[in-house]
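Colleague: Going letter by letter, the sequence shown gives residues 1 to 174 in UniProt numbering. Dropping the structure in here first, questions after.
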Amino acid sequence: MEEEMRDAPRPALPPAPIFHAPKQVSRPKPPVQEEEEMGTEPKLGDFDNVHALSVSEARAVITAVHAARKKKDATSNPLGGDRIHNESTTITQFMEYVENFARYKENENLHALSGLLDSHSELTSVEKALLGSLACENADEAKTLIPSLMSKISDDNLAGLLNEMTKLQDRFGA
1 MEEEMRDAPR PALPPAPIFH APKQVSRPKP PVQEEEEMGT EPKLGDFDNV
51 HALSVSEARA VITAVHAARK KKDATSNPLG GDRIHNESTT ITQFMEYVEN
101 FARYKENENL HALSGLLDSH SELTSVEKAL LGSLACENAD EAKTLIPSLM
151 SKISDDNLAG LLNEMTKLQD RFGA
């Protein structure tokens with residue numbers, strides 16, 4: 001019987017499986033990000049072509065939004081009732097910040113400042129916003145804090161601009 005089994009045809013074995021390496025898939029590499037800096041050539045990354053707001057302009061926008069919310073019917077307010085903003089710590093601190101550091105709180109002064117800065121077409125939106133927020137006392141201070149001004153505007157012209165801006169500022173305690 002053993003001899004018969006040895007002589008009997010053996011069943012065909014299935015072919016050995018062929019190993020296929022899986023397709024290599026790598027994680028997408030994040031895009032190379034440039035270093036953001038405000039040097040002689042401002043590099044602002046994603047914010048390069050975005051209109052910048054000074055602290056005073058941000059305050060004016062927020063004030064207008066709050067005024068519009070106050071006028072709305074309390075039932076249509078997404079925050080509920082007569083609330084004009086979310087009362088989280090972050091929002092509250094932001095509101096205090098813009099209230100404390102806005103240099104131009106009167107709309108007339110803010111519009112005059114905007115016109116004054118817009119007359120200097122050589123300045124970018126970011127430079128105008130920084131000048132409106134920092135309240136520099138002289139051209140040297142402005143060029144130290146905003147290095148990109150070095151090659152764009154003379155010290156005399158910048159000093160004149162800063163003097164006009166100072167005249168428009170709302171005085172503290174007023």
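All C-beta atoms, glycine included, are put in the ideal place defined by N, C-alpha and C.
Please classify K43: does DSSP put it in a helix, a strand, or coil?
Modeller: strand
Colleague: Is it true that the CB of V50 sits closer than 8 Å to the CB of residue 228?
Modeller: Since the displayed the chain opens at 1 and closes at 174, residue 228 lies outside it and no answer follows.
Colleague: With DSSP collapsed to three states, give me the class of Y97.
Modeller: helix
Colleague: Going by the CB atoms, is the gap between A142 and L158 shorter than 8 Å?
Modeller: Cβ atoms of L158 and A142: closer than 8 Å.
Colleague: Please look up how many angstroms separate the CB atoms of R59 and A102, rounded, as I've assumed it's under 8 Å.
Modeller: In this structure R59 is in contact with A102, their Cβ atoms being roughly 4 Å apart against a cut-off of 8 Å.
Colleague: Whole angstroms are fine: how far does the CA of A21 sit from the CA of F94?
Modeller: 55 Å
Colleague: Does the distance from the CB of Y104 to the CB of D156 come in under 8 Å?
Modeller: By the CB criterion at 8 Å, Y104 and D156 fall outside the cutoff.
Colleague: Near L130, which residues of its chain fall below 6 Å by C-beta distance, leaving aside the five closest residues on each side in sequence?
Modeller: I146
Colleague: Below 8 Å CB to CB, which residues in the same chain sit around N138 once its five sequence neighbours on both sides are set aside?
Modeller: Cβ neighbours of N138 beyond the five flanking positions: A159, L162.
Colleague: For L110 and M165, I'd like the C-alpha separation in whole angstroms.
Modeller: 10 Å
Colleague: Does the Cβ-Cβ distance between L123 and L116 come in under 8 Å?
Modeller: no
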